[in-house]
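Here's the structure we're looking at; comments come further down.
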Amino acid sequence: MILLNTTKKNKVITSMMDILNKRRIEIIEANERDLNEFNLKDRAMYDRLIVNDKKIDEMIQALREVHNQEDPVGKIISEITLENGLKITNKTAPFGTILIIYESRPDVTIEAAVLAFKANSKILLKGGKEAKFSNKILVDCWHEALKNNNLDTDWICLLELNREQTQAYLQNPLEKIDLIVPRGGEKLIAFVKQYASCAVLVSGRGNNFLYIDKEADWEQSKKVILNAKTQKISGCNALDKILINNNIPNFEAKVTELVHILNHAKVEVWVDANLHKIVSDEKIIKDENIWFEEFLAMKICLGEVDSTKEAIDVINHYSGGHSAAVMTTNQSIAQNFMEQVDCAAVYHNASTRFTDGGQMGVGAELAISTDKLHHRGPLGLEQLVTNKYYVLGNGQIRN
Numbered sequence: 206m207i208l209l210n211t212t213k214k215n216k217v218i219t220s221m222m223d224i225l226n227k228r229r230i231e232i233i234e235a236n237e238r239d240l241n242e243f244n245l246k247d248r249a250m251y252d253r254l255i256v257n258d259k260k261i262d263e264m265i266q267a268l269r270e271v272h273n274q275e276d277p278v279g280k281i282i283s284e285i286t287l288e289n290g291l292k293i294t295n296k297t298a299p300f301g302t303i304l305i306i307y308e309s310r311p312d313v314t315i316e317a318a319v320l321a322f323k324a325n326s327k328i329l330l331k332g333g334k335e336a337k338f339s340n341k342i343l344v345d346c347w348h349e350a351l352k353n354n355n356l357d358t359d360w361i362c363l364l365e366l367n368r369e370q371t372q373a374y375l376q377n378p379l380e381k382i383d384l385i386v387p388r389g390g391e392k393l394i395a396f397v398k399q400y401a402s403c404a405v406l407v408s409g410r411g412n413n414f415l416y417i418d419k420e421a422d423w424e425q426s427k428k429v430i431l432n433a434k435t436q437k438i439s440g441c442n443a444l445d446k447i448l449i450n451n452n453i454p455n456f457e458a459k460v461t462e463l464v465h466i467l468n469h470a471k472v473e474v475w476v477d478a479n480l481h482k483i484v485s486d487e488k489i490i491k492d493e494n495i496w497f498e499e500f501l502a503m504k505i506c507l508g509e510v511d512s513t514k515e516a517i518d519v520i521n522h523y524s525g526g527h528s529a530a531v532m533t534t535n536q537s538i539a540q541n542f543m544e545q546v547d548c549a550a551v552y553h554n555a556s557t558r559f560t561d562g563g564q565m566g567v568g569a570e571l572a573i574s575t576d577k578l579h580h581r582g583p584l585g586l587e588q589l590v591t592n593k594y595y596v597l598g599n600g601q602i603r604n
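In case it helps, this note's numbering puts the sequence shown at residues 206 to 604.
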């Protein structure tokens, strides 16, 4: 795609904000068609599917934030002049074409597209069939905004493919794709990695852990756990697993109280064999694989550990590499935990629900990357570029 100047890109984004506002009734009606066809049993996905006036306002705000952000393309990363006179400048550059495959959330159609567009990349949007009407009208709004500014609609494309067609497209894309971002559960990620013929940036899998140290502030811990688990169960930053140090004062009483609090909040509690001796009415974990699962539901696992080292080992073995938290008043223990746990975001005395572009000051995000190349954590506008070296010479040759 051609390089667009910042003014042109921002004019398209401004047009899109106006169009969303004007066409909000159409958008909500299209979304209602999707909701009416959806199976209510999957409450987490249903919640992510909903588009109402509040959600449209949030979409417009996301557009506004990206509009106001600095253009990430062409920024100088480094400059050096060699002894032979070569001047070498490393600058940020567009990826080219990005394919994002995602489930349920129509707001991704807005956020992913605006980030890619401002980063001067073409984006291919492969949403789930559950959001087909919502995604179609939102992409139609994008095309209207592009046409209003005399730009080709190819900048933002909706791929309407079933699973078999998607597999074929991944194996033999109709055009060069530079990056694929699967944003969803483990099955989607595994499917994309199996068939993709280009770079894949993994995102979306949570399975987040919280460790309660023996020196934790108990009242603070209860508050953080409830927020991390129940504030939004459909978020990939929601809490799924709790490890509690058995050396904490009044261990058995605290385990009992925590389970009672979770039950009162309508959270289904599973416990390991040791904790089952204390809270025998709860479901016992018999299959180790449950520790690998991301729930996206009102469900949580509790396990007993006898040291911070054991907690770190458990988390590094089972977690999705997304977020992990430690509750402790001991700064040294917290520092050790945060350095040793292998996750994109690590927390001390705070809810994992803050692993989010907007909450972390990044702004709108394409995804939360759990990969280590090329970026880890919220993938915002600034991170949605690659780099290019500009080498200026005057006839230099290498001896």
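All C-beta atoms in this analysis are idealised placements derived from N, C-alpha and C, irrespective of residue type, glycine included.
Are T557 and N442 closer than 8 Å when you measure CB to CB?
Note that the C-beta distance between T557 and N442 is below 8 Å.
Spatial neighbours of D492 in its chain, beta-carbon cut-off 7 Å, leaving aside the 5 residues before and after:
Answer for D492: no residue qualifies.
I need the DSSP call for V567, collapsed to helix, strand or coil.
Here V567 sits in coil by DSSP.
Starting from the N-terminal side, write out each stretch of the beta strand (DSSP E) that is 3 residues or longer and does not extend beyond the segment 516–592.
For the segment 516–592, whole beta strand (DSSP E) runs of length 3 or above, ordered along the chain, are 528–532, 550–553, 570–574, 582–585.
With three or more C-beta pairs closer than 8 Å as the rule, is the segment 446–453 touching the segment 413–421?
Under the Cβ criterion (8 Å, minimum of three pairs), the segment 413–421 counts as touching the segment 446–453.
Between the CA atoms of E284 and E515 - distance to the nearest angstrom:
Straight-line Cα distance between these residues: approximately 46 Å.
Does the beta-carbon distance from G566 to C548 come in below 8 Å?
No.
Mind reading off the beta-carbon distance from K280 to K593? Whole number of angstroms is fine, and I expect it under 8 Å.
Not quite, the Cβ-Cβ distance comes to about 11 Å (not below 8 Å), so this is no contact.
Mind the definition here: the segment 449–466 touches the segment 488–505 only if three or more C-beta pairs lie below 8 Å; say whether that holds.
Taking 8 Å as the limit for Cβ pairs, the verdict is that the segment 488–505 does not touch the segment 449–466.
Can you tell me where the beta strand (DSSP E) with F414 in it begins and where it stops?
For F414, the enclosing beta strand (DSSP E) stretches over residues 413–417.
Check K260 in the structure and name its three-state DSSP category.
In the structure shown, K260 sits in a helix (DSSP, three-state: H, G or I).
Who are K327's beta bridge partners in DSSP?
According to the DSSP secondary-structure assignment, K327 is paired through a beta bridge with T302.
Could you confirm whether any beta carbon from chain B is found closer than 8 Å to the beta carbon of S524?
This model lacks chain B altogether, as it is built from one protein chain only.
Quick one: complete beta strand (DSSP E) runs, 3+ long, within the segment 345–428?
Listed in chain order, the complete beta strand (DSSP E) runs (minimum 3 residues) inside the segment 345–428 are 361–363, 384–388, 413–417.
Secondary structure of D445, DSSP reduced to three states
In the displayed model, D445 falls within a strand according to three-state DSSP.
If you drop the 5 nearest sequence neighbours on each side, which residues of the same chain put their C-beta closer than 8 Å to that of I255?
Cβ within range, chain order: N236, L240.
Going by other Cβ atoms of all chains shown within 10 Å of its Cβ, with 16 needed for buried, is Q588 buried or exposed?
By the Cβ-count criterion, Q588 is buried, with 16 or more other Cβ atoms from all chains shown falling within 10 Å of its own Cβ.
Could you pull the start and end residues of the alpha helix (DSSP H) that K213 belongs to?
Element bounds for K213: 211–227.
Quick check: I382 and L571, are their CB atoms within less than 8 Å of each other?
For I382 and L571, no; Cβs fall outside 8 Å.
What did DSSP end up calling N452 once you bin it into helix, strand or coil?
N452: coil per DSSP, three-state reduction.
Hey, quick one: how far does the alpha helix (DSSP H) through L208 stretch, first residue to last?
Neither: L208 is in no alpha helix (DSSP H) and is coded neither H nor E.
Per-residue burial, D511 [other beta carbons within 10 Å of its own, 16 or more giving buried]
D511 counts as exposed, since fewer than 16 other C-beta atoms from the protein chains shown sit within 10 angstroms of its C-beta.
Checking 8 Å against the spacing of the C-beta atoms, do L347 and M264 come in under that value?
Correcting the residue type first, residue 347 is Trp in the shown sequence and not Leu. Cβ distance not < 8 Å, so W347 and M264 don't count as in contact.
In terms of DSSP beta bridges, what is L507 paired with?
Checking the DSSP bridge columns, you'll see L507 partnered with I447, V476.
On the criterion of 16 or more Cβ atoms from any shown chain inside 10 Å, does C403 qualify as buried, or is it exposed?
Exposed, by the Cβ-count rule.
Which residues DSSP lists as bridging V596, in chain order:
I293, per the DSSP bridge assignment.
Roughly how many angstroms lie between the CA atoms of E487 and V474, to the nearest whole one?
It is roughly 6 Å from the alpha-carbon of E487 to the alpha-carbon of V474.
By DSSP, does S339 sit in helix, in strand, or in coil?
DSSP places S339 in helix when its eight states are reduced to three.
Whose C-beta lies closer than 7 Å to the C-beta of I483 among residues of the same chain, with five residues either side of it excluded?
If we look at I483 and ignore the five residues flanking it on each side, its Cβ neighbours are E457, V460, T461.
Let me know the secondary structure DSSP gives E284 once reduced to three states.
Correct three-state label for E284: strand.
Identify whether K488 lies in helix, strand or coil by the three-state DSSP scheme.
Note: K488 maps to strand in three-state DSSP.
Near R581, which residues of its chain fall below 8 Å by C-beta distance, leaving aside the five closest residues on each side in sequence?
Exclusion of the five residues before and after R581 leaves A549, S574, T575 as the residues of its chain whose Cβ lies within less than 8 Å of its Cβ.
Leaving out five residues before and five after I639 in sequence, what residues of the same chain have Cβ atoms less than 6 Å from its Cβ?
This structure leaves residue 639 out entirely; the chain is present only between 206 and 604.
Bounding residues of the alpha helix (DSSP H) (the contiguous stretch that carries D252)
248–254 is the extent of the alpha helix (DSSP H) around D252.
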